[in-house]
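Read the structure below first, then the notes.
Number of protein chains: 2
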Amino acid sequence: MKKWIYSFGDGKADGDSTMRHLLGGKGANLAEMSSIGLPVPPGFTVTTEVCTWYYDHDQQYPPELAEQVRSAIAGIETIVGDRFGDRHRPLLVSVRSGARASMPGMMDTVLNLGLNDQTVVGLAAASGNERFAWDSYRRFIQMFGDVVLEVDHYEFEHELEQMKGERGFDLDTDLEADDLRQLVDRYKQVVETATGSPFPQDPQDQLWAAIGAVFGSWMNTRAITYRRLHDIPAEWGTAVNVQAMVFGNMGEDCATGVAFTRDPSTGENSFFGEFLVNAQGEDVVAGIRTPQNLTVNGRANHGPDLPSMEETMPTVFQELNRVRDVLERHYHDMQDIEFTVQRGKLWMLQTRNGKRSVQAALRIAVDLVADGILDQAGALAGLDPAQLDQLLHPTLDPSAEVTIFGHGLAASPGAATGVVVFSADDAVARADSGDTVILVRSETSPEDIHGMHAAAGILTTRGGATSHAAVVARGMGRPCVCGAGDIRVDYESGEMSCANMTVRAGDKITIDGASGRVMLGAVPLIQTELSGDFAKIMSWADSIRRMQVRTNAETPADARTAREFGAEGIGLCRTEHMFFDEDRIVAMREMILADDETGRRTALDKLLPMQRQDFIDLFDIMAGLPVTIRLLDPPLHEFLPRGEEELAGVADAAGVTVAEVRRRAQRLDESNPMLGHRGCRLAITFPEICEMQARAIFEAAAAVQDKKGAAVMPEIMIPLAFSKDEIARLKSVIDQVAKEVAARIGRQTDYLVGTMIELPRAALLAGEIAEEAAFFSFGTNDLTQTTFGLSRDDAGNFLDAYIDHGILAKDPFVSLDFDGVGELVEMASDRGRASRSDIKLGICGEHGGDPSSIRFCEKIGLDYVSCSPFRVPIARLAAAQASLQSKSTRHAV
Amino acid sequence: MKKWIYSFGDGKADGDSTMRHLLGGKGANLAEMSSIGLPVPPGFTVTTEVCTWYYDHDQQYPPELAEQVRSAIAGIETIVGDRFGDRHRPLLVSVRSGARASMPGMMDTVLNLGLNDQTVVGLAAASGNERFAWDSYRRFIQMFGDVVLEVDHYEFEHELEQMKGERGFDLDTDLEADDLRQLVDRYKQVVETATGSPFPQDPQDQLWAAIGAVFGSWMNTRAITYRRLHDIPAEWGTAVNVQAMVFGNMGEDCATGVAFTRDPSTGENSFFGEFLVNAQGEDVVAGIRTPQNLTVNGRANHGPDLPSMEETMPTVFQELNRVRDVLERHYHDMQDIEFTVQRGKLWMLQTRNGKRSVQAALRIAVDLVADGILDQAGALAGLDPAQLDQLLHPTLDPSAEVTIFGHGLAASPGAATGVVVFSADDAVARADSGDTVILVRSETSPEDIHGMHAAAGILTTRGGATSHAAVVARGMGRPCVCGAGDIRVDYESGEMSCANMTVRAGDKITIDGASGRVMLGAVPLIQTELSGDFAKIMSWADSIRRMQVRTNAETPADARTAREFGAEGIGLCRTEHMFFDEDRIVAMREMILADDETGRRTALDKLLPMQRQDFIDLFDIMAGLPVTIRLLDPPLHEFLPRGEEELAGVADAAGVTVAEVRRRAQRLDESNPMLGHRGCRLAITFPEICEMQARAIFEAAAAVQDKKGAAVMPEIMIPLAFSKDEIARLKSVIDQVAKEVAARIGRQTDYLVGTMIELPRAALLAGEIAEEAAFFSFGTNDLTQTTFGLSRDDAGNFLDAYIDHGILAKDPFVSLDFDGVGELVEMASDRGRASRSDIKLGICGEHGGDPSSIRFCEKIGLDYVSCSPFRVPIARLAAAQASLQSKSTRHAV
């Protein structure tokens, strides 16, 4: 019989931490913790295979499941000594989702399941705490009502507030057992009114409904959005964990909390966590009550000024600190844990690798290696290259004068300036229209994820460093200030105020996720200093990776930045980008609007010295590293003059009438410019353009060689070719110019002529093309466009629908489509190598900075990836990880 | 030592007719004729390999060539008894090009080579005919000057006219020996003035210069144009034939002529040819003198009323008639021959398969099979499918009243109406701007080819049925009237006149290539009746071909035409084409401009009955044959309202303001619509469109089944897919509608759901896609666009340059690019079949009617091709030929 259920508890477990795919992250780690003797309440995991089966079978369960659940419940009863549904000693359970990848806040949880009008009485008697029993029951109805029965949670909150009002209470904890009994009645009424049925009393019905709700939530919009943002396939499914309840809300010797084994912001090796006395776990995560710090140290650094667990529950704290150490050495990584203290006894409810800021990630990796917990390879493998992006986010200029508006918790590092919006939808709308926005909410929820993604920074007025806003912002790399409680947000009037200051929607503010400060207006930002940890990690990565990392750059500033970030040359210099400057575009326009070769040559003569200087600068900065220069590529009408003034400028320069310029401009209009007269087609029809560019390159190379005595290595790249003959023809133009310049200047430059592979036909005919081309650079932007028949500029109308429907797993312009575009890239590599064994192969599309695409490049053996300067460190790390993966190195010591 | 030279003559030959690739057509056939004992002047062929070597080696000759030429000349001297350069008995030779494929008028010829100031005296003495000798010399200087030395031929004609004027002569033949001697002096002066050097006197220099000129002319613009129009690769090269001269201009017992062994216009089995007494071959082809008919019969039918050869040279005619019969039986085909009679002896100078009108081609094929000279397969293999196009050209409506403007020779069948242009350039310009044009010239020359191609019909005032105009027009399938001598053309004033009538450039005329009539204005035309020969050939083709032939059609008229032409179903019904009608486009616009699903559904409800009726008509006409219906495909903005009136129309229909319509229309604007929101992307985002179309299909199918009781076989085709999931998603919409309609109407329709393969990714993922798609139809237009990254609409700016430079052999939108697009098509076919063994495979791009593309389809085993109605017969024949080729059947009996 198929095993659909894995039990754990009492120092044993059916599963272990390697079984994430089957048990989900939470289930696997509960099993693991149980196995290694940590105190875990007994329970069982319904596997992800049940979820898959469920969705494959019209939302039915496998027939054997019911019996396996019954038997697993019995197992729990044996360990705990209580019985599920028993009116004297009722066993209560929690039901939680647990997917393979951590999805914080995205899935639903039900606590205290098993309570009904009878068992609540039994619970009161058995615990000797009537208030606790009724509090547990009302929490259960509220959670079950919200999550399983889909009753608006506002309805329950309203009743709760109402009752506190009637009684004149401020805090939930002021409510007595009798109040709670009455509240339960009102809650049951809320459920009956909303659903038309009484609140279910049979614990078995409750259990199956809760399991169904967990599976159902796998396909809710929030979950789908989260999976899309984090590249999690829908097929993975979620597991369901059913576990005996332990109670942090039985009294003052009870507590519940969450912690990171190290500081997730800085990476410092200090225990970092929060707890609430007499509370259930949800109270901490929801950020409703302000929690206390675990340690004296933490209390000093992070506030608030409430006593720490180290002080108030020293024994429990010692035990927790021991568990912390066991877990880090066992998992070789910093852990994010959840625990409950029931009447002085510690219970572990969850452990997982903790999310952390990039600074923390680097520091932790370096420290773990120093402590011998990890080796270098393992440290590298555990890092998320995409996260390095945050390092490149700016911070506040320390010399800038600032006007403080308010303070909050420093929840996610980096600083951001932007206009204030008060809703996720507004964030998306303003961001789409080109604004940088700061999303301000009293607290965030999974419904806000799209807005958080669109925002440059996030500010909340409630919740701690582990609140939803903080966790998600760190994951996304957005600067975040949390729980700025002195700021009051008024959604209605679209403003927030603090002391006597008011900020309206649309006003600019600056937040600093490193200090928790909120400032008025736009404060100057500067680039983060890269830490020694960063340099160490990068040097490990460099010693391990096989592929080189180049950069896409054409300005001296970009080229310099890229060099600082470790670029090993330029993989793509887009020469057309050099012509958008005020003083150049007129000559460029004159060239493209010339009626004949003579006119073009006149304009090209004006462009030559500018172009030459561009290359001198780049060669200088790259100091002997290869510089790949792409010949003019874009549809010429990108340069066309639009307004009257621009038209007049060109007419002046070219000495013709405005009407004539307009006529010529119209001639350049194209229906599908992306597939039009661009790329090497320009140089094939107007070889003088290629001549000018080649001349600029060779003259610049000679000039730099003269000055520096250093080698200059230009790699001249022909764009948008689909045939060998195009390369041959332009190569002969280039070779001719090279000879002519060498003869004139008396200095020879070594150079290569190669091509972009960015059309399917070029990939197919790569064997032939390689007979002429010394290198291929995969232009995966265009190759994706043509392989999919998908214009990047126009895909917005339907790409989201494609991703939502699961037709596309992710945006193929961001992450390489391995099945289609990837096959062409691999085919072209193979065919290119077959005809020229020493052909250089690289990639210069946007994908060159995308970690999963970089893995692909490693797999097919490319020589280098090239990406934007700010992604160079990401590419260096990703390339190292790819090397490790391809060697199947074992990471842990 | 490599053999670069093949000799022939005296009943022997080194080569034979199978060696066209090496000897060219002319050389191979001269060798063959010599071998089978026909009277051929001795000579030798410099092979095409020399041409290739010449162009591969910077226009140098292979080192062994000089010695081989010397020895071959010696061979001719031995047979003839004269010596090259001998001042007493000089051997004269002709030097002619001879490519693998016949290229009439495209390459250059030099006659009488070997003459100089000394040898002309020897020739006069040896021939006893001083006038002949000097006439030959002046012809030689003129030809050599024109062709080899590139002196403008007008200069020579001017001197000739001048001298005739001085002497008061009308005809060249009036000039006496002394006149010609003086003319030679003037000609030599012309050469010296133009070239700066005296006319070359050394026959060896003359020979090598002439050979060089032939090779040089292989790369002249005319030759390149002709090769492009006729799909001849530049790599083939040309051979050079050097042959002892025989003279048709030695006196009244001499003649020269050209003939077809059957009538090339009608195919009638009657000897059809012309000759000139006392002339050289070029005189006939140039159409300068009006030639005489070979036969009494020909003279009666074709005029002019000059005595025939049958009457004036009966013995020679008998011999020629015998040769005619020998050649047809030997070559199994109608021949086009050139001959010269020197002092009563017949010499054969050329034989080749004769160009013929399509009617003639069909009749000859049928007759040769009836006579046992060919079998059916051989007859089919010899036909040019593209030529069938002409059958589909209209003829004059016999009931129409016509105003005759003039008469000429019926030179190429079919009638055409158009505006008059007097130059090839004007023809191209007016045709490009959308006019149908008739090109009128006094005579045409190879420089006019682009204009002849652009024209719908050609009219000349000089030259016979074998003149340049006639031969080229027949080859191109253009109606042509030749030698309409009563019409006078005045290029200066841009008009032509006849009797008292004048036609100006831009006026409309009608020509009838079947009768030779030229008529004023536009005369109503009707479609050619298809002959019994056509039906017979088509039935042979149908019995031989493996692939089915469908049609691309959406209107009932097109569908009916296609059925009459033998289409076996519809391979592509472009549903969007059904929505351009006045009464439909408003509803269509309303649909695409709707703001939400409700708005779209309202408009779709209006479109449903129209769409249903469309399908009823098509199912009716196709009577049980498969009908492939493509779901809505184009970028929606193709339907957008443009002017105010159109905007208002849509606003009215949708009940919104014009401003709102304009706003919505702007939203649909795309940068690259070809790669935008189109194809199945429309149905993925707006499934209601797919629903409506599916509903219309199934309701129409049910209606036709009810009426006819016949099966209806819709094949629903999903356009522009790049993934299996798109098909799966839309298939489920279609299946759902099918069930719903079947339940409602109580009638089930069998149908298939398949897809276009028109994106590279679809070809790559064809294996997966075939799991959902029951058929593939290769949309090679779009597949070519995306594989090349080449917009068909925008390629005009550079495609010609690509073809001229030889980067592209031909327009890839006309003839399938086997190397790139073809590999994808083959790959998709293989992968599709691997995952679904019974998958139906077809092609529905423009290439489906292109013979070379059809051969490719046969090679990779497609099930059908689909093409426009008028190309269906072409496709049937081409498919049969492809079947024959793939079976490597031997054709001749």
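So the protein sequences, as listed, match chains A and B.
This note's numbering applies: residue 182 is where the first sequence begins, and numbers increase by one.
This note's numbering applies: residue 182 is where the second sequence begins, and numbers increase by one.
Cβ atoms here follow ideal geometry from the backbone N, Cα and C, with glycine treated the same way.
This structure is a prediction, so every number in the text was calculated from the model and none was measured.
- CA-CA distance, ARG281/A to ILE413/A, rounds to 9 angstroms.
- Here the alpha carbons of ILE897/A and ARG755/A stand approximately 11 angstroms from one another.
- Counting only runs of 3 or more residues that sit fully inside the segment 837 to 911 of chain A, the beta strand (DSSP E) segments are 894 to 899, in chain order.
- Chain B has a Cβ within less than 9 angstroms of the Cβ of GLU1004/A.
- LEU543/B places its beta carbon less than 9 angstroms from that of ASP714/B.
- Restricting attention to HIS513/A, MET529/A, ASP517/A, the CA atom closest to the CA of LEU549/A is found in HIS513/A.
- In the structure shown, ASP693/A adopts extended strand secondary structure according to DSSP, grouped into three states.
- Residue pairing by DSSP places PHE956/A opposite LYS1021/A in a beta bridge.
- Three or more beta-carbon pairs drawn from the segment 241 to 250 of chain A and the segment 222 to 231 of chain A are found closer than 8 angstroms, and the two stretches are therefore classed as touching.
- In the structure shown, ASP517/A falls within a strand segment according to DSSP collapsed to helix, strand and coil.
- Distances from the alpha-carbon of PHE586/B to those of PRO1050/B, MET855/B, ASP786/B, LYS689/B put LYS689/B closest.
- Look at CYS435/A here: in three-state DSSP terms it is coil, with no helix or strand label.
- As computed with DSSP, LYS526/A is found in a beta bridge with GLN523/A.
- Contact check between the segment 913 to 927 of chain B and the segment 980 to 991 of chain B: fewer than three CB pairs, one atom from each, fall below 8 angstroms, which does not count as touching.
- The DSSP assignment places 334 to 348 as complete runs of the alpha helix (DSSP H) inside the segment 319 to 363 of chain A, in order along the chain (cut-off: 4 residues).
- Here the alpha carbons of PHE796/A and ALA804/A stand approximately 12 angstroms from one another.
- Interface with chain B (9 angstroms Cβ-Cβ cutoff): TYR983/A is included.
- Using a Cβ distance threshold of 9 angstroms, GLY638/B and ILE619/B count as a contacting pair.
- Residue contact check for ASP1000/A against chain B: a CB pair falls below 9 angstroms.
- Taking C-beta separations shorter than 7 angstroms and ignoring five residues to either side along the sequence, the partners of ASP776/A in its chain run ARG845, following chain order.
- For the pair of segments examined, the segment 993 to 1000 of chain B was found not to touch the segment 928 to 945 of chain B: the number of CB pairs separated by less than 8 angstroms stays below three.
- Between the segment 947 to 958 of chain B and the segment 1005 to 1016 of chain B, the count of Cβ pairs shorter than 8 angstroms is three or higher; the stretches touch.
- Contact between SER852/A and ASP975/B holds, since their C-beta atoms are separated by about 6 angstroms, short of 8 angstroms.
- GLU624/B and VAL601/B have their C-alpha atoms spaced approximately 15 angstroms apart.
- The segment 1039 to 1055 of chain B and the segment 727 to 734 of chain B touch, with three or more beta-carbon pairs separated by less than 8 angstroms.
- Apart from the 5 residues on each side of it in sequence, ASP801/A sits with its Cβ closer than 7 angstroms to the Cβ of VAL885 in its chain, given in chain order.
- Within the same chain, and ignoring the five residues on either side of PHE1037/A in sequence, the residues whose Cβ sits closer than 7 angstroms to its Cβ are LEU997, PHE999, GLY1003.
- A direct Cα-to-Cα measurement between PRO941/B and GLY857/B gives close to 16 angstroms.
- Comparing alpha carbon positions, the residue from PRO488/B, PHE396/B, ILE545/B, ASN422/B closest to GLU449/B is ILE545/B.
- GLN363/A and ALA375/A have their C-alpha atoms some 18 angstroms from each other.
- Boundaries of the beta strand (DSSP E) around HIS588/A: 585 to 588.
- Here ALA307/B is actually not in contact with ARG264/B; their C-beta atoms are around 11 angstroms apart, not less than 8 angstroms.
- Interface annotation, ASN401/B: not in contact with chain A, CB-CB separation never under 9 angstroms.
- Taking 8 angstroms as the upper bound for CB-CB distance, CYS663/A and SER648/A are in contact here, some 6 angstroms apart.
- Residues of the segment 900 to 913 of chain A with a Cβ closer than 7 angstroms to any Cβ of chain B, in chain order: LEU901, PHE903, SER904, ASP906, GLU907, ARG910.
- In the three-state DSSP reduction, THR732/B falls in the strand class (E or B).
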